[in-house]
Amino acid sequence: ERNTQQQARLEQVFYIHNGLSARLGGWAAFSSDFPTEWYGYGGLYLPLTSYLALEPSYYYGQDGFNSVNQQRAVLAAKLLLPKGPEFTLGGFIGKADLGIEGVPDHISGGYLLALLPFTDWLSGQLAANYEKGNFAEATVVAAGLKFRFR
């Protein structure tokens, strides 16, 4: 059994021109009985039309389980429908530097996110994620709520 893990996330978005934006951020998790996990990232939001955008990003961090460095290149396409629903389809390739002979360093995966607005401040969120890691494959499906404070 593990103790509680505290998490912190910080992100800054820089609006450049005509919907184009850049973002920088980071995340860290701390626990008294588990090594610190963290990652930093940078990315762009590239609007192709008023409803469709591409989001290339790069992540670099350290896994808390085995304290190895990981890096991921992510490409996502975001569809913004007129009534407010958002759908994002993305994939990634990357490397986890395990340094174990016979274990592949390459990781890959994909995800689908749906954000369905109920009101101006409350949305439902659905997510499906698949990852082929160094040792195993995993699929996660999640649902939740997103609150917007303006």
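Numbered per this note's numbering, the sequence shown spans residues 234 to 383. The beta carbon of each residue, even a glycine, is placed where N, CA and C say it ideally should be.
When rounded, the separation of the alpha-carbon atoms in serine 300 and isoleucine 326 is 19 Å.
By the Cβ rule, the segment 282-296 counts as touching the segment 306-316, because three or more pairs are nearer than 8 Å. Per DSSP, the unbroken beta strand (DSSP E) holding alanine 360 starts and ends at 355-365.
If you look at glutamate 370, you'll find it in the beta strand (DSSP E) that goes 370-380. In the three-state reduction of the DSSP assignment, isoleucine 333 falls in the coil class, being assigned neither a helical nor a strand state.
By the 16-neighbour rule on beta-carbons within 10 angstroms, alanine 375 is exposed. Beta bridge pairing from DSSP links arginine 242 with Trp260. For the options Ile333, Phe247, Leu348 and Asn251, the alpha carbon positioned closest to that of leucine 281 is the one of Asn251. Contact annotation, tyrosine 274 with glycine 258: C-beta distance approximately 6 Å; criterion of less than 8 Å satisfied. When secondary structure is reduced to three states using DSSP, arginine 383 falls in the coil class, being assigned neither helix nor strand.
Around the beta carbon of tyrosine 278, 16 or more other beta carbons sit within 10 angstroms, so the residue counts as buried.
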